[in-house]
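Student:
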Amino acid sequence: MKNEKYLFDTHALVYWHIKEIVSEDFITFVDRQSRLGNLLISSISFWEAALLAKKGRLEITDVHEWKNEILRYSNAIMIEPSVSEMIDSVLLPDYHKDPFDRLLISQANNHNAIFVTREEIIREYPVKSFWL
Numbered sequence: 170m171k172n173e174k175y176l177f178d179t180h181a182l183v184y185w186h187i188k189e190i191v192s193e194d195f196i197t198f199v200d201r202q203s204r205l206g207n208l209l210i211s212s213i214s215f216w217e218a219a220l221l222a223k224k225g226r227l228e229i230t231d232v233h234e235w236k237n238e239i240l241r242y243s244n245a246i247m248i249e250p251s252v253s254e255m256i257d258s259v260l261l262p263d264y265h266k267d268p269f270d271r272l273l274i275s276q277a278n279n280h281n282a283i284f285v286t287r288e289e290i291i292r293e294y295p296v297k298s299f300w301l
């Protein structure tokens, strides 16, 4: 039986890493998926985190170290956006204007992954999503 893959929305990555704002069940589930090698993290989540940190909306003093720590201590797989995923993200219906989320949706679809997000508007898109 093939394991499901899970791609984090940026906020889900942050919450999982700090172990706050999410349930113990969420942490346990994601930790298990990490051990199994089923977690995908897009490089654009680190770009978005850096922008949010610069604006003071996210308390991460060193985004490079934060990224390195996540990748060092998890079994997550880093994925890079392709040109096709970038184009596909623009072609999505305009339910949600956030270019980061739109690109993550395209990546989740391209990698046949479940998109881990708490944003309800994402359910309007043709993407499998999950939040515990």
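This note's numbering numbers the first residue of the sequence shown as 170 and each following residue consecutively.
C-beta: ideal position from N, C-alpha, C; glycine also.
Since the structure is predicted, the reported quantities are computational estimates derived from the model, not experimental observations.
1. DSSP has Y175 in a bridge; who is on the other side?
2. Tell me I290's beta-bridge partners as DSSP assigns them.
3. Name the residue from I248, I239 and I290 whose alpha carbon lies nearest to the alpha carbon of H261.
4. For M170, does the three-state DSSP call read helix, strand or coil?
5. Got a sec, what are the start and stop residues for the alpha helix (DSSP H) I239 sits in?
6. Which residue's Cα is closest to the Cα of T230: R241, A218 and D263?
Tutor: Based on what the coordinates show:
1. Residue numbering aside, residue 175 sits at position 6 when the sequence shown is read from its first letter. BP columns for Y175 point to L208 and I283.
2. In the sequence shown, counting from the first residue as 1, residue 290 sits at position 121. According to DSSP, I290 bridges with nothing at all.
3. Position 92 of the sequence shown, counted from the first residue, corresponds to residue 261. One detail in the question is off: residue 261 reads as Leu in this sequence, not His. Ranking the options by Cα distance to L261, first place goes to I290.
4. Working through the sequence shown from its first residue, we reach residue 170 at position 1. Its pLDDT being 41, under 50, M170 is placed unreliably in this model, and the coordinates cannot settle the point.
5. As a working mapping, residue 239 is identified with position 70 in the sequence shown. V232 to Y242 is the span of the alpha helix (DSSP H), which, as asked, contains I239.
6. Residue 230 sits at position 61 when you count from the first residue of the sequence shown. If we check each option's Cα against that of T230, A218 comes out closest.
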